[in-house]
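This note's numbering applies: residue 189 is where the sequence shown begins, and numbers increase by one.
What follows is a set of notes on a single structure, which appears directly below.
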Amino acid sequence: MSPNVHESLDAERVARLFKALIQNAFDVIKVVDTSNRTIFTSPSVTAVLGYDPRELLGTNPLAYVHPEDTDLALRALERVKQSMGVVRVGAIRARHKDGSWRTIEATVQNLVDDEDVRGVVMNYRDITERVSVELELRRTHDRCEKAFQNSPDSITISYLDTGEFVEANDGFVRITGYARNEVIGRTSLELGIWKDPQRRRELAETLAREGHVRDFPMDVVIKDGSTRSCVVSAELIELDGRRCLLAVTRDMTDVRLADERLRETTEKLRRDHVEMVRKNIALNEVLEHLQKEKDQYRHELCCNVENLVLPMLNRLRDERAIPAAEYDRLTQTLNKVTGLHIDQFKNNISKLTPRELDILEMIGAGRSSKQIAEGLGLSPQTVHKHRQSIRRKLQIDHREINLAAYLRSQK
189 MSPNVHESLD
199 AERVARLFKA
209 LIQNAFDVIK
219 VVDTSNRTIF
229 TSPSVTAVLG
239 YDPRELLGTN
249 PLAYVHPEDT
259 DLALRALERV
269 KQSMGVVRVG
279 AIRARHKDGS
289 WRTIEATVQN
299 LVDDEDVRGV
309 VMNYRDITER
319 VSVELELRRT
329 HDRCEKAFQN
339 SPDSITISYL
349 DTGEFVEAND
359 GFVRITGYAR
369 NEVIGRTSLE
379 LGIWKDPQRR
389 RELAETLARE
399 GHVRDFPMDV
409 VIKDGSTRSC
419 VVSAELIELD
429 GRRCLLAVTR
439 DMTDVRLADE
449 RLRETTEKLR
459 RDHVEMVRKN
469 IALNEVLEHL
479 QKEKDQYRHE
489 LCCNVENLVL
499 PMLNRLRDER
509 AIPAAEYDRL
519 TQTLNKVTGL
529 HIDQFKNNIS
539 KLTPRELDIL
549 EMIGAGRSSK
559 QIAEGLGLSP
569 QTVHKHRQSI
579 RRKLQIDHRE
589 INLAAYLRSQ
599 K
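Below, the structure written as structure tokens:
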């Protein structure tokens with residue numbers, strides 16, 4: 189076989205190879221002439237934009253570009269026509285056959301002078317999902333950045349092996365008084381932030397053992413030399429291939445002071461309450477003593493009137509030693525005195541014996557004579573005698589007056 193035949197077979201094989209590559213490539217290949225008319229589109233355009241390649245023959249590719257991106261695409265075409273190089277076009281939006289917009293990334297090369305091409309070659313691929321992911325990542329990053337910077341708590345990132353600060357938020361600046369550029373690249377030990385370095389070692393041991401720390405109490409020495417009471421939560425993270433410590437520190441100084449003031453106030457109120465109770469007890473004792481003296485005075489006065497004055501007046505009246513009018517005036521005066529200053533019922537109660545007081549209490553509770561007798565181990569006759577004595581001492585003369593009802597009326 190002659191060399192020309194071999195060359196012909198090789199050329200055919202190469203042509204078939206390129207055809208297969210174009211037909212099965214994921215990227216779209218498009219060729220436009222100098223008038224921006226499409227003269228070729230690879231089959232992959234169907235998968236990317238939904239069109240049949242034949243639909244696009246003779247069309248201007250700019251007609252499928254989003255209006256906001258048309259200027260960018262046009263400048264790229266004009267630039268590539270003026271040179272023989274390759275122009276990379278940024279992300280632009282192209283209309284899918286279903287009416288939606290897909291984001292594509294394209295490169296454009298001028299092959300107008302190539303006899304086999306005679307046009308501008310465009311290669312583009314669908315990057316819609318990638319752009320969407322990147323956009324979401326940017327949004328997530330922005331949200332995290334805002335949360336990081338705007339947090340009222342101190343948030344820092346430091347290298348685990350060296351302890352150098354990599355990042356610090358505004359909360360750290362506000363709590364410690366250090367500017368951000370004063371701490372980046374330095375360690376907490378260099379800054380003297382830990383009032384008790386032993387607490388830092390305990391934190392490191394807990395991190396090494398458990399991988400995280402929650403609400404670890406610490407005293408922070410800030411830039412002006414004063415101390416703030418804080419709690420720190422920390423965990424290990426990886427940043428750019430290096431293990432780092434993410435620490436969130438909350439200033440609890442004001443809360444601690446408020447708690448202390450609350451405890452002091454509570455303790456003062458407790459002491460005041462105890463003192464007030466003590467004073468009330470003393471006052472009650474004084475009032476009780478005064479009441480006893482008052483009751484004793486009333487009792488003595490009543491006894492003197494009943495046992496001395498009234499019998500004497502009665503005898504004088506019987507002996508006609510005083511006129512009847514004088515007797516009436518004196519007895520009325522005594523009645524007024526005893527009525528104004530003597531609680532007759534209490535005075536009469538004081539005349540009862542202990543047994544009579546027990547029976548009186550049971551009568552007031554609604555017990556019958558039989559129940560009283562059984563409760564106190566007495567005979568019904570004895571209970572009856574006690575009831576008669578009680579009525580007499582309480583000066584209940586009318587038999588139709590119920591003793592239990594009378595007791596209720598005195599409450």
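Beta carbons are placed, not taken as given, at the ideal position from N, Cα and C, and that holds for glycine.
In this structure, DSSP gives Asp314 an extended state, which the three-state scheme calls strand.
Between Ile345 and Glu355, the gap from beta carbon to beta carbon is short of 8 Å. Bounds of the alpha helix (DSSP H) holding Val233 are Val233 to Leu237. Under the DSSP assignment, Thr344 falls in the beta strand (DSSP E) whose first and last residues are Ser342 to Tyr347. Residues Val216 and Asp314 of the same chain have their beta carbon placed closer than 6 Å to that of Val236, with the five preceding and five following residues left out of the count. Straight across, the Cα-Cα distance linking Val308 with His329 is about 39 Å. For Gly278, the enclosing beta strand (DSSP E) begins and ends at Val274 to Arg283. Across the structure, Ile560 and Gln569 are spaced so that their CA atoms are roughly 11 Å apart. Per DSSP, the unbroken beta strand (DSSP E) holding Lys218 starts and ends at Val216 to Val220.
In the DSSP assignment, Pro385 falls within the unbroken alpha helix (DSSP H) covering Pro385 to Glu398. Residue pairing by DSSP puts Val419 in a beta bridge opposite Pro405 and Arg438. Between the C-alpha atoms of Ala294 and Arg267 there is a straight-line separation of about 14 Å. The beta carbons of Phe360 and Ser342 sit about 4 Å from each other, so the pair counts as a contact at 8 Å. For Arg387, same chain residues with a beta-carbon under 6 Å away, outside a window of 5 residues either side, are Met406 in chain order. The secondary-structure analysis by DSSP pairs Gln297 across a beta bridge with Val274 and Val309. The C-beta of Asn535 has 16 or more other C-beta atoms within 10 Å across all chains shown, which makes the residue buried. Residues Thr295 of the same chain have their beta carbon placed closer than 7 Å to that of Arg276, with the five preceding and five following residues left out of the count.
The alpha-carbon separation between Thr519 and Pro542 amounts to approximately 32 Å.
Within 10 angstroms of the beta-carbon of Tyr485 lie fewer than 16 other beta-carbons, which makes it exposed. Judged by their CB atoms, Cys418 and Tyr347 are not nearer to each other than the 8 Å cut-off. Taken through DSSP and simplified to helix, strand or coil, Leu433 comes out as strand.
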